[in-house]
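J.: Numbering (this note's numbering), first residue to last: 1118 to 1487.
Positions of the beta carbon are idealized from the N, C-alpha and C atoms, including for glycine.
If you scroll down you'll find the structure; I have some questions about it.
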Amino acid sequence: MTVCTSSVPAVVAEIDGSALRHNLRRVRESAPGCPVAAVIKADGYGHGLIRVARALQGVDAYAVARLEEALWLREEGITGPILLLEGFLHAAELEPIARHRLTVVVHHRWQLEALEGARLPLPVQAWLKLDSGMHRLGFPPSELPAARARLAACASVTGPLVLMTHLACADDRDSPVTLRQLSLFDRFTAEADGQSIANSAAILGWPAAQRGWLRPGIMLYGASPFTEGSGESLGLRPVMTLRSRLVAVNRLREGDPVGYGGDWICPEDMPVGVVAIGYGDGYPRHAPAGTPVLIGGRQVPLVGRVSMDMITVDLRSLPHARVGDTAILWGRGLPVETVARRAGTIAYELLCGVARHRVHYQEIQHGQVL
Ligand SMILES: *Cc1c(COP(=O)(O)O)cnc(C)c1O
């Protein structure tokens, strides 16, 4: 978003590059010696693709979901390896993929056929994906050996061939599914030049998956991949702090309804604050009354429904709160996971959903504005 000098942005997403690098070190400590493909799809999980790529410069590779994301990285001068996690979505993408030296995941027969029929300026690097039980992308075990043989024989493909899979239940440390997926995967690793299994949950919770290329996403941004606990308890630092300001403080009377539908009623005479953020900025509309908002270092509860541009908060515990005070919606001091769980979703969705055309992004280092 462009900001006129005369306007003060209502909503700011502070992005802490030093926190990104700290979290990358946490990845490397968890599985020493393993190469890391930093997952920066979906505009760097809502943090800004190029900003995140630059902060993580020196990482072994980047991983994105779409060709456009990879081409944008190349345009911005990122020259290192880039992995396309879904490979190509159409055969016409193969030419730019080859020209820009992108690595593709090959997960389906139609992609093999497209590669075999392609006439490319230079061969592409490929990772081969096994469906070890998630049943989304990947060759079933029965088809994997033939797929590998066809890739090895294909003139449009060059080595080394990395075998990969994706875990369906790694975020649940008690699930038996992960070990079943790993043992199926292990039947095929002997024939591969390299391997890749681990997303954030596996890097933090499944030592048996900590080998070959790591593919951390959410943990780089400081949030926990697990259903309980926070990134902080895992030694991670939040990268995004989303903040806005109190734009009104109203003294309401007992019985006054607040917001659309009027379904939140003041239980007594009380101050209610209005914060300039809403679902139009990416704050979750389903956040219920009680969802914490951080004002003046204290958590106060959301009351009433989330509007497009505003939320209302109960200021009874903060009688001195004033118009202009900063309100933190998530980030430093208030984990995004806490807000996500209240709203019945996951940190991934909240981070990816920040409205990039409306929210002002500000880069910081060690908590300081650059
Ligand atoms: C998104 C993605 C990841 C990263 O997952 P996190 O849970 O964010 O760490 C890893 N591998 C694949 C194939 C993905 O699509």
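Quick one: is G1414 buried, meaning 16 or more other Cβ sit within 10 Å of its Cβ, or exposed?
T.: By the neighbour-count rule (16 or more Cβ atoms within 10 Å), G1414 is not buried but exposed.
J.: Would the C-beta of N1140 count as close to ligand 1, meaning under 6 angstroms from any of its heavy atoms?
T.: For ligand 1, not one heavy atom lies less than 6 angstroms from the Cβ of N1140.
J.: Hey, how far is the Cα of S1350 from the Cα of M1336?
T.: Each residue's Cα considered, the two are about 12 angstroms apart.
J.: Is there at least one Cβ from chain B nearer than 7 angstroms to H1224's Cβ?
T.: Going by chain labels, chain B is absent from the structure shown, which holds only one protein chain.
J.: Could you tell me how far apart the beta carbons of L1184 and E1210 are, in whole angstroms, since I believe they sit closer than 8 angstroms?
T.: With 8 angstroms as the limit, L1184 and E1210 qualify as a contact, their Cβ atoms being about 5 angstroms apart.
J.: What are the residues that DSSP puts in a beta bridge with A1130?
T.: DSSP, once it has assigned bridges, lists L1359 and Y1478 as partnering A1130.
J.: Would you grab the beta carbon distance between V1153 and P1333 for me? Rounded to a whole angstrom, and I think it's under 8 angstroms.
T.: Yes, V1153 and P1333 are in contact; Cβ-Cβ is about 7 angstroms, under 8 angstroms.
J.: Taking 6 angstroms as the cut-off, is the CB of L1219 close to at least one heavy atom of ligand 1?
T.: For ligand 1, not one heavy atom lies less than 6 angstroms from the Cβ of L1219.
J.: Over the uninterrupted alpha helix (DSSP H) stretch that includes Q1228, give me the two end residues.
T.: From DSSP, the alpha helix (DSSP H) with Q1228 extends over R1226 to G1234.
J.: Could you give the distance in angstroms between the alpha-carbon of Q1174 and the alpha-carbon of L1166?
T.: Cα to Cα, Q1174 sits roughly 12 angstroms from L1166.
J.: Taking only heavy atoms of ligand 1 into account, decide whether any of them is closer than 6 angstroms to the Cβ of G1334.
T.: Flag set: Cβ of G1334 near ligand 1.
J.: Give me, in chain order, the residues of the same chain whose beta-carbon lies closer than 7 angstroms to that of G1397; leave out the 5 immediate sequence neighbours on both sides.
T.: Taken in chain order, the residues that qualify are M1425, D1426, A1472 and R1475.
J.: Who are the near neighbours of L1432 in its chain, counting only those whose CB is closer than 7 angstroms to its CB and skipping five residues on each side?
T.: The answer, listed in chain order, is V1366, P1388, V1389, G1390, V1417 and A1438.
J.: Pull the bridge partners of N1367 from the DSSP assignment, please.
T.: DSSP, once it has assigned bridges, lists V1389 as partnering N1367.
J.: In angstroms with no decimal places, state the Cα-to-Cα distance between G1450 and E1131.
T.: If I take the Cα positions, the gap works out to 13 angstroms.
J.: Looking at C-alpha atoms only, which residue of A1243, D1442 and R1370 is the closest neighbour of T1220?
T.: When only C-alpha atoms are compared, the closest one is A1243.
J.: Measure the C-alpha to C-alpha separation of M1118 and H1477 and round it to an integer number of angstroms.
T.: At M1118 the pLDDT is 49, less than 50, meaning the model places this residue with poor confidence and gives no usable figure here.
J.: Could you check what DSSP says for I1382 in three-state terms: helix, strand or coil?
T.: In this structure, I1382 counts as strand in the three-state DSSP scheme.
J.: Should L1184 be counted as a contact of ligand 1 given a C-beta to heavy atom distance under 6 angstroms?
T.: The answer is no for L1184.
J.: Considering only the beta carbon of each residue, do G1234 and L1247 sit closer than 7 angstroms?
T.: For G1234 and L1247, no; Cβs fall outside 7 angstroms.
J.: In chain order, what residues of the same chain lie with their CB nearer than 6 angstroms to the CB of E1203, ignoring the 5 residues before and after it?
T.: Within the same chain, E1203 has close Cβ partners A1182.
J.: For F1343, name the three-state secondary structure that DSSP assigns.
T.: In the structure shown, F1343 sits in coil (DSSP, three-state: anything other than H, G, I, E or B).
J.: For L1200 and V1222, what's the separation of their Cα atoms in angstroms?
T.: So the two alpha carbons sit approximately 7 angstroms from each other.
J.: So for D1248, helix, strand or coil by DSSP?
T.: Here D1248 sits in coil by DSSP.
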